Structure formats: structure tokens, C-alpha cells
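Chains A and B supply the protein sequences, listed in that same order. For the first sequence, the UniProt record's numbering assigns the number 1 to the initial residue and increments by one for each residue that follows. For the second sequence, the UniProt record's numbering assigns the number 1 to the initial residue and increments by one for each residue that follows. All C-beta atoms, glycine included, are put in the ideal place defined by N, C-alpha and C. Computed from a predicted model, the values in this text were never measured in an experiment. To start, the structure under review is shown below, and the notes come after it.
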Amino acid sequence: MIYVPVMSLDVYHNFGLEYYLMTEHHFNEPVFMLWSTTPTVMLGKYQDAAAELNVEAVKRNHVKVARRYSGGGTIYTDQGGCQFTLIYPDDRTEIDFSSGLELIQKALNQIGIKATTDSRNDLVVGGRKVSGSAQYVTPGYKLHHGSLLFESNLDLMNQLLNVDPVKLAAKRIASVHQRTVNLNEQEPSWTAADFRENLRQAVYDLTSFQEYHLIADEQARVVEIGQQRFADPKFIYGRQGQGAFQVKRYFQGGGLVKIAYSIYHDQLADVHLTGDFFSNLDAVKFEHALDGTDYDRQRVSNVIRDQLAEDPILGVDADQLVNMLFDHV
Amino acid sequence: MLKEIHMPKLSPKSDQYFFGEWHKQPGDAVKEGDVLFEVETDKVISQVESQEDGVLKEQNVNTGDTTNVGDLVATIEVA
Numbered sequence: 001m002i003y004v005p006v007m008s009l010d011v012y013h014n015f016g017l018e019y020y021l022m023t024e025h026h027f028n029e030p031v032f033m034l035w036s037t038t039p040t041v042m043l044g045k046y047q048d049a050a051a052e053l054n055v056e057a058v059k060r061n062h063v064k065v066a067r068r069y070s071g072g073g074t075i076y077t078d079q080g081g082c083q084f085t086l087i088y089p090d091d092r093t094e095i096d097f098s099s100g101l102e103l104i105q106k107a108l109n110q111i112g113i114k115a116t117t118d119s120r121n122d123l124v125v126g127g128r129k130v131s132g133s134a135q136y137v138t139p140g141y142k143l144h145h146g147s148l149l150f151e152s153n154l155d156l157m158n159q160l161l162n163v164d165p166v167k168l169a170a171k172r173i174a175s176v177h178q179r180t181v182n183l184n185e186q187e188p189s190w191t192a193a194d195f196r197e198n199l200r201q202a203v204y205d206l207t208s209f210q211e212y213h214l215i216a217d218e219q220a221r222v223v224e225i226g227q228q229r230f231a232d233p234k235f236i237y238g239r240q241g242q243g244a245f246q247v248k249r250y251f252q253g254g255g256l257v258k259i260a261y262s263i264y265h266d267q268l269a270d271v272h273l274t275g276d277f278f279s280n281l282d283a284v285k286f287e288h289a290l291d292g293t294d295y296d297r298q299r300v301s302n303v304i305r306d307q308l309a310e311d312p313i314l315g316v317d318a319d320q321l322v323n324m325l326f327d328h329v
Numbered sequence: 001m002l003k004e005i006h007m008p009k010l011s012p013k014s015d016q017y018f019f020g021e022w023h024k025q026p027g028d029a030v031k032e033g034d035v036l037f038e039v040e041t042d043k044v045i046s047q048v049e050s051q052e053d054g055v056l057k058e059q060n061v062n063t064g065d066t067t068n069v070g071d072l073v074a075t076i077e078v079a
């Protein structure tokens with residue numbers, strides 16, 4: 001087994017490193033890495049950002065949003081946690097989490113953490129999830145990566161991860177939420193860095209891995225892949241390059257108005273109006289009128305004016321709603 | 001000659017997969033070993049390669065479709 005030390009906390013760089021090792025370097029034996037990130041949410045390959053994330057909380061807390069090449073649900077990672085990556089040369093396309101999970105489970109057991117596996121290929125301690133895993137398979141190689149929570153900010157995690165079935169775009173993969181726990185409950189005297197180093201040592205004891213350090217050209221290529229493939233907003237938020245937005249504004253004398261929307265093919269989509277304002281407005285009719293409208297201030301303004309002409313909102317006018325859809329981007 | 005491409009079995013646990021994205025479009029030349037499409041199942045993204053040389057004729061499933069093992073996925077015109 002090869003061990004590649006990872007210094008970067010940048011999720012795009014580290015996803016680029018995984019991809020580089022899998023598709024360009026082509027080691028003939030398994031590769032193992034341990035890494036961490038700055039506060040980051042990672043979506044699964046086919047997930048809907050609008051439904052999975054509280055975009056406002058993501059922006060407020062300066063959290064990075066990334067999309068994995070692997071499947072599964074959305075996770076939160078930070079420097080209090082530890083990511084592991086295993087890359088195997090493998091001609092079988094059939095799915096198998098067992099060898100990777102067995103290694104991590106054995107290493108955790110060796111350092112005194114009694115982790116077991118569950119039916120979703122997660123590692124659990126006392127029935128609570130401490131690690132989730134996902135994979136992607138390219139011809140000849142299989143990548144298994146996972147997340148270990150040690151002293152991650154679970155309060156922030158809960159604020160960021162949403163799962164709103166109302167907003168879930170049709171034909172997307174939805175996250176399955178499970179009860180999670182930090183591993184420092186088991187080893188409170190360790191820091192996250194101690195945990196990572198102890199885990200690295202335990203994997204070394206089990207595999208006698210060789211260390212490999214990337215040369216300068218390889219490092220440059222990793223940065224390039226990270227920027228081109230993983231930091232691209234079109235990849236992260238959707239093929240059209242626009243995001244999923246949630247705007248909330250309080251109007252004196254009107255109340256709180258919340259509008260969530262996405263933009264697909266330069267048109268409004270998935271518009272969702274809620275709030276505590278006073279109106280006889282039929283929110284569903286309002287939303288349907290806007291869905292499919294070109295994302296153009298004048299066109300959107302015309303639709304909103306027509307809707308409010310029938311059923312006004314007390315203390316909130318059409319221009320204010322139009323501003324919510326255009327002025328925050 | 002037209003050759004039918006059917007969904008292979010990719011997971012020991014499941015015969016029903018989420019269809020991901022096409023890597024080849026109708027009219028594209030395809031070589032044996034080229035990635036045709038990807039699917040997601042059990043938190044795994046798998047890329048499925050062509051077993052044929054030819055030209056992709058028709059795509060029979062779209063992103064987000066649920067497909068079963070054995071379903072017709074595409075046809076390839078082989079020489």
C-alpha cells in the first residue's frame with residue numbers, strides 16, 4: 001500500500017488529488033490518504049443543492065460547497081474531522097465497500113475506538129454514525145472515501161444541512177439523515193490532529209505502507225484538476241451554472257417574506273413562496289406563474305405585478321418582491 | 001448491425017439503479033472500453049464501458065431514470 005500525505009485543507013485541491021491519483025498516476029497497488037478540510041459541505045454526485053443545503057447559512061458561515069464524484073448524501077466536514085481515501089486498482093465493477101471499511105474499522109479498534117459497520121456501509125459507535133462512505137468507479141480503478149467525525153461542529157452541521165423534500169428536484173438523490181456523534185466522546189484527551197496521527201499510525205501497523213510524495217509537476221496538475229473539475233460552479237450547483245437561492249426579507253408593516261428558487265436554462269424554476277405576510281394570494285398559483293419565466297427583471301416584474309393585482313400582499317409591493325429575486329445575487 | 005446495450009448487474013444488493021449521465025451522445029463514435037454512461041447505486045457511482053466498437057445510435061434512458069438490470073439502455077451500430 002502507498003500512503004500519500006495531504007497538507008491541503010482545500011476540498012477542491014483534495015478532490016483533485018484523488019482524481020489525479022485515480023485517473024492519471026495509476027499506481028499498481030492501493031493508495032491511502034488522510035485529510036481534512038476547512039468548513040465544507042459535500043454534495044453527492046446527483047444531489048440537488050437547493051434541497052440539501054440551507055444556502056443562507058452556508059453563505060453566512062463562509063462554508064465551502066463542493067460536489068463529489070461519488071454517490072450518496074450530503075456531509076459536513078471541517079478540521080475537527082478526518083477524511084480517508086482508498087484507491088484500488090480493480091477490474092471488477094461490482095460494488096464492494098468491505099475491504100476499505102474493514103481496514104478503517106480495524107485501525108479504529110486498534111486505537112481503542114469500538115466501531116462497527118451497519119447496513120448502509122457506515123461506521124457506527126453505539127448505534128450512532130461516526131463515518132459515512134461513498135465510492136466511484138472508473139475503468140480499472142475504484143475509489144472509496146469516507147468521513148470520520150472527531151470534534152466536528154455538529155451544531156453548524158445541523159444548520160447547514162437541510163433536506164427539504166418540497167424543493168427536491170425530480171429525479172435527484174436525497175440524503176438520508178442519521179444520528180451522528182463525534183468520536184472525541186470516546187477519547188476526550190485527544191485533539192483532532194492526535195486522532196488523525198494515531199489513525200495513520202494504526203493503518204501503518206496494519207499495512208506497512210510506503211510513503212509517496214508528489215513531485216512539483218504532479219502538484220501543479222492536482223491544482224489544475226481541482227480548479228477545472230471541482231471548483232467549477234457549474235459542476236457544484238448545476239449544469240446551467242446558476243445556483244439555488246433562498247432569500248428572506250422582513251418588511252416593516254408587511255412581515256417576513258421568504259422566496260426560494262433555482263434557475264435552469266436561464267428561467268426561474270422551483271419557486272417557493274412562504275412567510276407570515278397577510279394576503280389572499282394563492283402561493284401555489286403565484287409559484288406556477290413564475291416557474292418557467294425568463295430570468296429577466298422586466299419579465300419577472302410583469303408576472304409579479306399581474307399576480308399582486310389580483311391578490312395584493314399587505315405592506316409589500318411588486319418591486320420589493322422583484323428586488324428579492326434579483327438584488328441579492 | 002444494431003447491437004443492444006442492456007443494464008449490467010453492478011451491485012450484489014440491488015437490481016435497480018439511478019441512471020446518471022451519458023458520456024457519449026447519439027452519433028458519437030464508440031470504442032471498446034470507452035465509458036458510455038454512469039449510474040448510481042448504494043452510494044457508488046459506476047462508469048459503464050462499451051463492449052463494442054461502433055457508433056452510438058440511440059439512448060433509451062435519461063438522467064434520473066430508475067433502471068433495472070437487463071433494461072435496454074442504448075443501441076450501437078456496429079460494423
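Cα-Cα separation, residue i to residue j
i	j	result
Phe277 (chain A)	Gly253 (chain A)	9 Å
Asp319 (chain A)	Leu273 (chain A)	16 Å
Gln242 (chain A)	Ser262 (chain A)	For Gln242 (chain A), the pLDDT reaches just 40, beneath the cut-off of 50, and the residue's location in the model is therefore unreliable, although a value from the coordinates is still provided. If I take the Cα positions, the gap works out to 7 Å.
Met1 (chain A)	Tyr204 (chain A)	9 Å
Ala202 (chain A)	Pro39 (chain A)	26 Å
Asn302 (chain A)	Ile87 (chain A)	54 Å
His62 (chain A)	Leu156 (chain A)	11 Å
Gln148 (chain A)	Lys13 (chain B)	Going by the sequence as given, residue 148 (chain A) is Leu instead of Gln. Roughly 25 Å between the two C-alpha positions.
Asp5 (chain A)	Thr23 (chain A)	Reading the sequence as shown, one finds Pro at residue 5 (chain A) and not Asp. Spanning the two alpha carbons is a distance of roughly 18 Å.
Asp296 (chain A)	Thr41 (chain B)	39 Å
Phe27 (chain A)	Pro89 (chain A)	7 Å
Phe37 (chain B)	Thr67 (chain B)	13 Å
Gln240 (chain A)	Thr63 (chain B)	Note on Gln240 (chain A): pLDDT 38, under 50, position unreliable in the model; the coordinate value appears next. When rounded, the distance between both Cα atoms is 15 Å.
Gln227 (chain A)	Arg221 (chain A)	10 Å
Gly132 (chain A)	Val44 (chain B)	12 Å
residue 338 (chain A)	Ala260 (chain A)	Here chain A covers residues 1 to 329 and nothing more, so residue 338 (chain A) does not appear.
Asp270 (chain A)	Asp232 (chain A)	23 Å
Leu17 (chain A)	Met1 (chain B)	42 Å
Ser11 (chain B)	Arg305 (chain A)	53 Å
Leu281 (chain A)	Ala289 (chain A)	12 Å
Val69 (chain B)	Asp53 (chain B)	22 Å
Residue i, enclosing beta strand (DSSP E) - first and last residue
i	result
Leu149 (chain A)	141-149
Pro89 (chain A)	81-89
Arg128 (chain A)	128-138
Val316 (chain A)	Note, Val316 (chain A): premise wrong, no beta strand (DSSP E); not H, not E.
Leu36 (chain B)	35-41
Ser46 (chain B)	44-49
Arg67 (chain A)	64-67
Val163 (chain A)	Element bounds for Val163 (chain A): n/a, residue is neither H nor E.
Asn182 (chain A)	That residue, Asn182 (chain A), is in no beta strand (DSSP E); it is neither H nor E in DSSP.
Distance between beta carbons of residue j and residue i, contact taken as under 8 Å
i	j	result
Gln307 (chain A)	Glu56 (chain A)	Contact flag wrong, Cβ pair sits at about 24 Å.
His6 (chain B)	Val73 (chain B)	6 Å
Tyr3 (chain A)	Ile173 (chain A)	The Cβ separation is near 32 Å, so there is no contact.
Ala49 (chain A)	Val65 (chain A)	7 Å
Leu21 (chain A)	Tyr76 (chain A)	With 8 Å as the limit, Leu21 (chain A) and Tyr76 (chain A) do not qualify as a contact, their Cβ atoms being about 24 Å apart.
Val137 (chain A)	Gln16 (chain B)	Wrong, their Cβ atoms sit about 18 Å apart, outside the cutoff.
Thr74 (chain A)	Val41 (chain A)	6 Å
Phe15 (chain A)	Arg68 (chain A)	7 Å
Leu314 (chain A)	Thr293 (chain A)	That pair is no contact at about 24 Å.
Ser152 (chain A)	Gly80 (chain A)	4 Å
Lys129 (chain A)	Thr180 (chain A)	5 Å
Residues bridged to residue i (per DSSP)
i	result
Leu273 (chain A)	A:Ile259
Tyr3 (chain A)	A:Phe32, A:Glu211
Gly54 (chain B)	B:Val30
Gln219 (chain A)	DSSP, once it has assigned bridges, lists no residue as partnering Gln219 (chain A).
Ile76 (chain B)	B:Lys3, B:Leu56
Tyr250 (chain A)	A:Leu256
Thr77 (chain A)	A:Thr40
Val124 (chain A)	A:Thr116, A:Lys129
Asn68 (chain B)	B:Gln16
Gln267 (chain A)	A:Tyr264, A:Asp294
Ser279 (chain A)	A:Ile313
Phe245 (chain A)	A:Tyr261
Trp190 (chain A)	Paired residues: none, contrary to the question.
First and last residue of the uninterrupted alpha helix (DSSP H) at residue i
i	result
Met157 (chain A)	154-160
Lys13 (chain B)	Here Lys13 (chain B) belongs to no alpha helix (DSSP H), and DSSP marks it neither H nor E.
Tyr237 (chain A)	233-237
Tyr19 (chain A)	11-20
Val284 (chain A)	283-290
Ser99 (chain A)	98-110
Val58 (chain A)	55-60
Ala174 (chain A)	Premise fails: Ala174 (chain A) is in no alpha helix (DSSP H) and is neither H nor E.
Glu24 (chain A)	Here Glu24 (chain A) belongs to no alpha helix (DSSP H), and DSSP marks it neither H nor E.
Per-residue contacts from residue i into chain C (C-beta, under 7 Å)
i	result
Gly33 (chain B)	Of the protein chains in this structure, namely A and B, none is chain C.
| If we count Cβ pairs, one from each stretch, closer than 8 Å, do we get three or more for the segment 127-143 of chain A versus the segment 97-115 of chain A? | yes
| query | Counting pairs of Cβ atoms below 8 Å between the segment 41-59 of chain A and the segment 24-31 of chain B, do you hit three or more? | reply | no
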